[in-house]
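Peer 1: Please see the structure below; I have some questions.
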Amino acid sequence: MLFDIHGDIWTDVTVKRQMGLKNIIRDYHLERFRKGNMAGGIFVIWIDPPHDERPEERLLESIKAMSSEIWENQDILKVIYNSDDFYQTANENKLAILLGLEGLNAIGEDVESIYTLYQLGFRHTSLTWNEQNALATGARGDISRGLTILGKDAIKIMESLGIILDVSHANDKTFWDICNVTTKPFIASHSNSRALCNVPRNLTDDQIKAIGEKGGIVGINAFNEFVHPDREKRTVDYLINHIEHIANLIGIDHIALGFDFFEYIGNDTSDTFIEDPYVGTVGIEDISKGNNLVLKLQERGFSKEDIEKIGYKNFLNLMDKVL
932 MLFDIHGDIW TDVTVKRQMG LKNIIRDYHL ERFRKGNMAG GIFVIWIDPP HDERPEERLL
992 ESIKAMSSEI WENQDILKVI YNSDDFYQTA NENKLAILLG LEGLNAIGED VESIYTLYQL
1052 GFRHTSLTWN EQNALATGAR GDISRGLTIL GKDAIKIMES LGIILDVSHA NDKTFWDICN
1112 VTTKPFIASH SNSRALCNVP RNLTDDQIKA IGEKGGIVGI NAFNEFVHPD REKRTVDYLI
1172 NHIEHIANLI GIDHIALGFD FFEYIGNDTS DTFIEDPYVG TVGIEDISKG NNLVLKLQER
1232 GFSKEDIEKI GYKNFLNLMD KVL
């Protein structure tokens, strides 16, 4: 089984439901999930461009679409809050979904909104996407700006409630500010090694070590531009190099899969943050190729236990600690 700790599925659900369609996951995603042996994942609400100009409204639209989708598809979907929920959901042959948020730009300065989001079922969030906002600074923000006073207040609320904090998309200063103020493990849900692919969205070795020391998780990202700077080396084999590198730094117990697949996102949105039209990493182009990744890991000498840890068990352990 695989548990993908970063997926933008609610974006597609929102877009298609606003077109009058229903059962988006069933009709457009489920076959691909099943083929790749995906048991579930963190499905995030992301304020997708150009809607980042109206973040509050987009958040409400997305919550509405998400809620309708979950309610109308209870035979295939179930929201989870701990590892027991996950295993029960897997036994019922349903997708286990942890509700997440990719950035909190939509709440502005109102950090007490986090209590409301928690009551709605959200158990994961990052403070930013690529932007800088009232709480923190994303990968495309001012490099000298990091976590704000309000951001520190937000983290206190999150830790008191039991919400998983995600540092993917944080700029370097925000990362280290978060590292210095957190008391619980945190994750980088979809970031690779900067030593192997030098882009701001990937993690330095020191950042990876800090996540490990905090008891956190690094989710390996299958987005081709984060795998290797040379286009011909953007393959599943090189992606596994990232897994090996991170394992050598912090151990196999701190690695998960945060694929960040977005082949279903429209070009008007994806063109704002990628270099070329979307193409997946060769050999793991989308979640339907999940079993290919498992086979490649076996070929590289990863044990069955190691693959199960990376595939889902490491994240379940973290979820039970933080939630």
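If you read the sequence shown in this note's numbering, its first letter stands for residue 932, the second for the next number, and so on. Ideal Cβ positions, reconstructed from N, Cα and C, are used throughout, including at glycine. If you're wondering where the values come from, they're calculated on a predicted model, not measured in any experiment.
(1) In the DSSP assignment, find the unbroken beta strand (DSSP E) run with residue 1084 in it and report its ends.
(2) So within the region 1181 to 1209, which uninterrupted beta strand (DSSP E) runs reach at least 3 residues, ignoring any that extend past its ends?
(3) Leaving out the 5 sequence neighbours to the left and right, which residues in its chain are closer than 7 Å to residue 1166 when beta-carbon positions are compared?
(4) Tell me whether residue 1125 is buried or exposed, calling it buried when 16 or more other Cβ atoms sit within 10 Å of its Cβ.
(5) Whole beta strand (DSSP E) runs in the region 942 to 984 with 3 or more residues, listed along the chain?
(6) Looking at residue 1055 and residue 1095, is the spacing between their C-beta atoms short of 8 Å?
(7) Could you say if the region 1173 to 1181 and the region 1098 to 1114 meet the contact criterion of at least three C-beta pairs nearer than 8 Å?
(8) DSSP state of residue 1033, grouped into three classes?
(9) Using three-state DSSP, classify residue 1105 as helix, strand or coil.
(10) When you compare only the Cα positions, how much space is there between residue 1047 and residue 1234?
(11) Does the beta-carbon of residue 1163 have 16 or more other beta-carbons within 10 angstroms, so that it is buried, or is it exposed?
(12) Using CA coordinates, which residue listed in 1118, 1091, 965 and 1144 is at the minimum distance from residue 1045?
(13) Just how far apart, CA to CA, sit residue 935 and residue 1078?
(14) Of the residues 1245, 1169 and 990, which one's Cα is nearest the Cα of residue 1188?
(15) Give me the DSSP bridge partner(s) of residue 1069.
(16) Compare the C-alpha of residue 1083 against each of 1052, 1040 and 1118 and name the closest.
(17) Just how far apart, CA to CA, sit residue 1017 and residue 1026?
(18) How should residue 1000 be labelled, buried or exposed, when 16 other C-beta atoms within 10 angstroms of its C-beta is the threshold for buried?
(19) With burial defined as no fewer than 16 other Cβ atoms inside 10 Å of the residue's Cβ, what is the status of residue 986: buried or exposed?
(20) Would you call the region 969 to 979 and the region 933 to 953 in contact, with 3 or more CB pairs under 8 Å?
(21) Can you grab the Cα-Cα spacing for the pair residue 958 / residue 1168, in whole Å?
(22) Go to residue 1008, then tell me how far its beta strand (DSSP E) extends in each direction, as first and last residue.
(23) Within the chosen definition, does the region 1123 to 1137 reach the region 1151 to 1159 through at least 3 CB pairs nearer than 8 Å?
(24) Using 10 angstroms around the beta-carbon of residue 973, count the other beta-carbons present and answer buried if the total reaches 16, otherwise exposed.
(25) Taking 8 Å as the cut-off, decide whether the C-beta atoms of residue 941 and residue 993 are in contact.
(26) How far does the beta strand (DSSP E) with residue 936 in it extend, from its first residue to its last?
(27) Enumerate in chain order the residues of its own chain whose CB-to-CB distance from residue 1243 is below 7 Å, with the five nearest sequence positions on each side excluded.
(28) Hey, residue 1121 and residue 1146: beta-carbon distance below 8 Å or not?
(29) Does DSSP classify residue 1221 as helix, strand or coil?
(30) DSSP beta-bridge partners for residue 1134?
(31) Determine which residues share a DSSP beta bridge with residue 1055 and list them.
Peer 2: Concretely, from the data shown:
(1) That residue, residue 1084, is in no beta strand (DSSP E); its alpha helix (DSSP H) goes 1080 to 1092.
(2) Those beta strand (DSSP E) runs which fall completely within the region 1181 to 1209 and span 3+ residues are 1186 to 1188.
(3) The residues are 1212, 1213 and 1214.
(4) buried
(5) 969 to 977
(6) yes
(7) The region 1173 to 1181 vs the region 1098 to 1114: no contact.
(8) Per DSSP, reduced to three states, the secondary structure at residue 1033 is strand.
(9) helix
(10) 42 Å
(11) Around the beta carbon of residue 1163, fewer than 16 other beta carbons sit within 10 angstroms, so the residue counts as exposed.
(12) 1091
(13) 27 Å
(14) 1245
(15) 1101
(16) 1040
(17) 9 Å
(18) buried
(19) Counting Cβ neighbours within 10 Å, residue 986 comes out buried, since at least 16 surround it.
(20) Three or more beta-carbon pairs drawn from the region 969 to 979 and the region 933 to 953 are found closer than 8 Å, and the two stretches are therefore classed as touching.
(21) 31 Å
(22) From DSSP, the beta strand (DSSP E) with residue 1008 extends over 1008 to 1010.
(23) yes
(24) buried
(25) yes
(26) 933 to 938
(27) 932, 933, 934 and 970
(28) no
(29) Under the three-state reduction of DSSP, residue 1221 is assigned to helix.
(30) 1124
(31) 1031 and 1095
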